[in-house]
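These notes are about the structure you will find just below.
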């Protein structure tokens, strides 16, 4: 399953690279948009499909890892984003000038 996911991500990167290079070249050609419209739409459709496919595979792999291997992310060092236990809004005295 991991090899399928890695292959899908590689395909997504390859399609993205081809679209980044190919769409401006196709639009700059003498015939322009009218001759390359179908190719661009096909490439964009393939890219959208591969994004959805990678997302679905990612959810399957995360389910497999969490169920079978009991893998959980470790807590961030230092207690998370905020060092105090009060979170982003401390309940201490208010500073002057703030309501």
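In mature numbering (1 follows the signal peptide of the UniProt record, and there is no 0), the protein residues as written are -28 to -1, 1 to 71. The beta carbon of each residue, even a glycine, is placed where N, CA and C say it ideally should be.
Take the Cβ of residue 36 as the centre, count every other Cβ of all protein chains shown within 10 Å, and call the residue buried at 16 or more, exposed below. For the purposes of this step, residue 36 is taken as residue 64 along the chain shown, with counting starting at 1. With fewer than 16 Cβ atoms within 10 Å of its Cβ, residue 36 is classed as exposed.
How many Å lie between residue 38 and residue -27 at the Cα? Taking the first residue of the chain shown as 1, we reach residue 38 at position 66. Taking the first residue of the chain shown as 1, we reach residue -27 at position 2. Roughly 14 Å between the two C-alpha positions.
Closer than 7 Å by C-beta to residue -20: which residues in its own chain qualify, once you throw out the five before and the five after it? Chain order, please. Counting from 1 along the chain shown, the entry for residue -20 is found at position 9. Take residue -20, set aside five residues on each side of it, and the residues of its chain with a beta-carbon closer than 7 Å to its own are 26, in chain order.
Among 28, 23 and 42, the one whose alpha carbon lies nearest that of residue -18: Counting from one through the chain shown, the residue named residue -18 turns up at place 11. Taking the Cα of residue -18 as reference, the smallest distance to any Cα among 28, 23 and 42 is reached at 23.
Between the CA atoms of residue 7 and residue -4 - distance to the nearest angstrom: In the chain shown, counting from the first residue as 1, residue -4 sits at position 25. In the chain shown, counting from the first residue as 1, residue 7 sits at position 35. For residue -4 and residue 7, the distance between alpha carbons rounds to 12 Å.
If you draw a straight line from the C-alpha of residue -9 to the C-alpha of residue 41, how long is it? In the chain shown, residue -9 corresponds to position 20, counting from 1. In the chain shown, residue 41 corresponds to position 69, counting from 1. Roughly 38 Å between the two C-alpha positions.
Assuming residue 19 contacts residue -22 (C-beta within less than 8 Å), just tell me the rounded distance between them. For this step, residue 19 is matched to residue 47 along the chain shown. For this step, residue -22 is matched to residue 7 along the chain shown. About 16 Å separates the two Cβ atoms, so there is no contact after all.
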